[in-house]
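Peer 1:
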Amino acid sequence: MRIGVLSDIHANIQALQAVLKDCQEQRVDKFWLLGDYVDYGGDPVETVSELSKLGAEYMIAGNHDACLYTSSVRSSETPHGKQAFEYTKEIVKENRERFRLLEAIADKPLLHLADRKTLLVHGTPQDPYWGKFLPGDNADVLFDVLEQMDVRMMLLGHSHVSFMLTRGGRTIINPGSVGQPRDGSPKAAYGILDGDAVIFRRVQYDMDGAAKAIQEAGLPEYLWKRLYKGA
Ligand SMILES: [Fe+2]
2 MRIGVLSDIH ANIQALQAVL KDCQEQRVDK FWLLGDYVDY GGDPVETVSE
52 LSKLGAEYMI AGNHDACLYT SSVRSSETPH GKQAFEYTKE IVKENRERFR
102 LLEAIADKPL LHLADRKTLL VHGTPQDPYW GKFLPGDNAD VLFDVLEQMD
152 VRMMLLGHSH VSFMLTRGGR TIINPGSVGQ PRDGSPKAAY GILDGDAVIF
202 RRVQYDMDGA AKAIQEAGLP EYLWKRLYKG A
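Be aware that the sequence shown starts at 2, since it is given in my numbering, and climbs by one per residue.
#1: Are the beta-carbon atoms belonging to Ala16 and Val179 less than 8 Å from one another?
#2: Quick check: what's the CA-CA separation for Lys94 versus Asp197?
#3: So does the region 37 to 45 actually touch the region 70 to 89, counting three or more Cβ pairs closer than 8 Å?
#4: How long is the line joining the alpha carbons of Val204 and Lys188, rounded to whole angstroms?
#5: Measure the beta-carbon distance from Tyr191 to Gly5 and round it to whole angstroms, keeping in mind my assumption that it falls under 8 Å.
#6: Pro80: which of Arg99, Tyr41, Ala214, Leu52 sits nearest, CA to CA?
#7: Determine, using beta carbons only, whether Arg171 and Val152 come nearer to each other than 8 Å.
#8: Could you tell me the distance, in whole angstroms, from the CA atom of Gly231 to the CA atom of Ser8?
#9: Pick helix, strand or coil for Arg227, following the three-state DSSP scheme.
#10: Excluding sequence positions up to five away, which residues of its chain have a Cβ less than 7 Å from the Cβ of Trp131?
#11: Who are the Cβ neighbours of Ala140 in its own chain at under 8 Å, not counting the five residues just before and after it?
#12: If we count the other Cβ atoms within 10 Å of its Cβ and call it buried at 16 or more, is Met155 buried or exposed?
#13: So Ala57 packs on Ala107, CB below 8 Å; how close in whole Å?
#14: Quick check on Ala218: buried or exposed, where buried means 16 or more other Cβ atoms within 10 Å of its Cβ?
#15: Who does Asn96 pair with in a DSSP beta bridge?
Below is the structure:
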């Protein structure tokens, strides 16, 4: 059984399609999705339509998904983040039916699969929507939480940085970001779980197409320029 773990797609349909093609070639059987499906990118409708067809086994929400449906989860406060949020919110309002998939999971940023001793969370267990953990951060508290919950593997997203950290038989994995990587490589990132093995994949995709969609949506140039830098 090979599980494709995808996070932070951010309305980048070009990256998502390239990753799904790679998943097919890598014989991925099922999908676990870690949130932030929309916002920043120019193709939210197409992205959610593609995900609706996917039939993921597990799917949790990110801060960018939840803030579209509840004011209790704050939206991004950066100038480009605010502009992207307004754009995405308008699209969702106009196409509510096509975003049912997001609406259904918007209040679920965390999923504890006790029988698998696995935790899926967009941010961190302490702050499931907005908590940001980077590989250089002190991981003591996180590993303590995993021990208390009897979790062997935690899958998280949000930082857009792919990494794996192991301590005392417990593992923290971020598969990286499909649609807006920020770890120095612009290639789309995702992970494959295959038994005890974790495979980190990087996939070339049509960045020009993704940049054009952002431009055509009238969103800030910062959002498409960063795609080429992976930053
Ligand atoms: Fe994100």
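Cβ coordinates follow ideal geometry from the N, Cα and C atoms, glycine included. Remember, predicted model here, so these are calculated numbers, not experimental data.
Peer 2: Taking the coordinates as given:
#1: Contact flag set, yes.
#2: In a straight line, the C-alpha of Lys94 is about 42 Å away from that of Asp197.
#3: A contact is defined here as three or more CB-CB pairs under 8 Å, and the region 37 to 45 meets this definition with respect to the region 70 to 89.
#4: Approximately 5 Å between the Cα atoms of the pair.
#5: Indeed they touch by this definition, with Cβ atoms about 6 Å apart.
#6: When each option's Cα is compared against that of Pro80, the closest is Tyr41.
#7: Yes, the pair counts as a contact, with Cβ atoms nearer than the cut-off.
#8: Gly231 and Ser8 have their C-alpha atoms some 15 Å from each other.
#9: Assigned with DSSP and collapsed to three states, Arg227 falls in helix.
#10: Asn64, Gly124, listed in sequence order.
#11: In chain order, Phe134, Leu166, Arg168, Ile173 place their CB closer than 8 Å to the CB of Ala140, counting only its own chain and leaving out the 5 sequence neighbours on each side.
#12: So Met155 counts as buried.
#13: The pair is not a contact, with the Cβ atoms about 15 Å apart (cut-off 8 Å).
#14: Burial call: buried.
#15: By DSSP's assignment, Asn96 forms no beta bridge with any residue.
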